[in-house]
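Enquirer: Starting off with a structure, shown below.
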Amino acid sequence: MAPWGYEKDNGPAHWHKDCPIANGKNQSPIDLINGEVKYDSGLKPLTAKYVPFSDAKFLNNGHSVQFQPSAGNGSELTGGPLAVKYNFEQFHFHWGNNDTEGSEHRVDGKMYPAELHFVHWNSTNPSFKDAVGSGGPNGLAVLGFFLKVGAENAALKPITDLIPKVKDAGTSVTVPSNFDMQAILPATLTDYYTYDGSLTTPPLAECVKWIVFKQPLEVSAAQMEAFRSVINRDGKPMGGNYRPPCPLHDRAVKTSFK
Ligand SMILES: NS(=O)(=O)c1ccc2c(c1)[C@H]1CCC[C@H]1[C@@H](c1ccccc1Cl)N2
Ligand SMILES: [Zn+2]
12 MAPWGYEKDN GPAHWHKDCP IANGKNQSPI DLINGEVKYD SGLKPLTAKY VPFSDAKFLN
72 NGHSVQFQPS AGNGSELTGG PLAVKYNFEQ FHFHWGNNDT EGSEHRVDGK MYPAELHFVH
132 WNSTNPSFKD AVGSGGPNGL AVLGFFLKVG AENAALKPIT DLIPKVKDAG TSVTVPSNFD
192 MQAILPATLT DYYTYDGSLT TPPLAECVKW IVFKQPLEVS AAQMEAFRSV INRDGKPMGG
252 NYRPPCPLHD RAVKTSFK
């Protein structure tokens with residue numbers, strides 16, 4: 012099979028051939044249906060402590076654009092549904108070719124124009140790759156933020172300004188060391204959905220504690236358009252790099268809010 016992608020001939024409907032777990036019972040993303048979630052008063056706020064990276068790249072990996080530090084620097088995530096500390100690994104985006112589609116998770120069937128994923132790995136593992144393969148839903152913790160079109164996002168501007176430099180698959184650029192990743196996050200990480208799921212692209216490993224925030228982040232129309240100029244390995248617009256929702260099966264989605 013051609014390397015996986017999001018086109019007709021290599022998209023999500025084909026992934027099960029190389030990754031049978033695609034038809035597993037703990038797959039992501041899902042449709043977050045408010046009438047079926049359960050408030051859990053035990054869910055505390057999350058604490059993300061991000062230290063500026065001196066050597067990070069912003070790159071086009073052919074199916075997303077991602078911020079990738081060269082090594083860990085003590086940036087970490089704790090609290091919420093997490094029992095231990097998770098180390099920051101990378102962040103990346105999923106988006107559509109118009110404002111009616113693009114996010115991976117949905118809320119009562121509604122898609123947002125984009126979704127931002129902050130990926131962290133369970134620090135009891137030697138590396139993120141071990142965490143991916145560690146078995147069970149506590150290997151990774153991914154924070155999902157919906158993006159909607161509105162005011163310019165000043166915190167994301169240093170990143171969206173780099174997008175034209177990574178237009179083509181396989182290209183990368185160094186991120187200025189004064190980039191403040193912490194500024195992207197809302198001041199308090201309180202209202203979120205959380206459930207046990209998977210990576211949303213191959214290898215689709217069922218190793219993820221998903222934490223999806225209720226409150227979308229805003230980006231300007233110009234920042235949204237920047238994403239839509241990114242090209243994939245086939246030379247086509249990368250927009251549409253989202254997996255449709257998967258069956259919930261017998262999983263519960265908990266919320267930190269009523
Ligand atoms: N949309 S997402 O956040 O659910 C997602 C989906 C797939 C992958 C990632 C994140 C990243 C982050 C951890 C693993 C890494 C990647 C991967 C997996 C195994 C081996 C190497 C690598 Cl680079 N695959
Ligand atoms: Zn993702």
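Those letters in the sequence shown? Residues 12 to 269, by my numbering. For glycine and all other residues, C-beta sits at the position ideal for the given N, C-alpha and C.
Can you list the alpha helix (DSSP H) stretches of 4 or more residues lying completely in the region 219-257, in chain order?
Expert: 232-239
Enquirer: Measuring alpha carbon to alpha carbon, tell me which residue in 69, 87, 44 and 70 is nearest residue 57.
Expert: Working through the sequence shown from its first residue, we reach residue 57 at position 46. For residue 57, the nearest C-alpha among the options comes from 87.
Enquirer: Only counting runs of 3 or more residues, tell me where the beta strand (DSSP E) segments fall wholly within the region 112-166, in order along the chain.
Expert: 125-133 and 151-160
Enquirer: Using a Cβ-Cβ cut-off of 7 Å (strictly less than) and excluding sequence neighbours within five positions of residue 117, which residues of its own chain qualify?
Expert: As a working note, residue 117 is residue 106 in the sequence shown. Annotation for residue 117: 42, 43 and 256 place their beta carbon closer than 7 Å to its own, counting only its chain and skipping 5 residues before and after.
Enquirer: Using only CA atoms, which one of 266, 259 and 25 lies nearest to residue 225?
Expert: One-based indexing of the sequence shown puts residue 225 at position 214. Nearest of 266, 259 and 25 to residue 225, Cα basis: 266.
Enquirer: Which same chain residues, not among the five before or five after residue 6, have their C-beta less than 8 Å away from its C-beta?
Expert: There is simply no residue 6 to check, as the chain begins at 12 and stops at 269 in what is shown.
Enquirer: Would residue 95 be called buried (16 or more neighbouring beta carbons within 10 Å of its own) or exposed?
Expert: On the sequence shown, position 84 is the one that residue 95 refers to. With fewer than 16 Cβ atoms within 10 Å of its Cβ, residue 95 is classed as exposed.
Enquirer: In the DSSP assignment, find the alpha helix (DSSP H) that holds residue 171 and state where it starts and stops.
Expert: Counting from one through the sequence shown, the residue named residue 171 turns up at place 160. Segment 168-171, the alpha helix (DSSP H) holding residue 171.
Enquirer: Who are the Cβ neighbours of residue 171 in its own chain at under 6 Å, not counting the five residues just before and after it?
Expert: The residue you call residue 171 lines up with position 160 of the sequence shown. Only residues of its own chain outside the window of five on either side were considered, and among them 234 and 237 have a CB closer than 6 Å to the CB of residue 171, listed in chain order.
Enquirer: Where residue 60 and residue 143 are concerned, what is the direct C-alpha to C-alpha distance, given to the nearest angstrom?
Expert: Here residue 60 corresponds to residue number 49 of the sequence shown, with the count starting at 1. Here residue 143 corresponds to residue number 132 of the sequence shown, with the count starting at 1. Taking the straight line from one Cα to the other gives about 22 Å.
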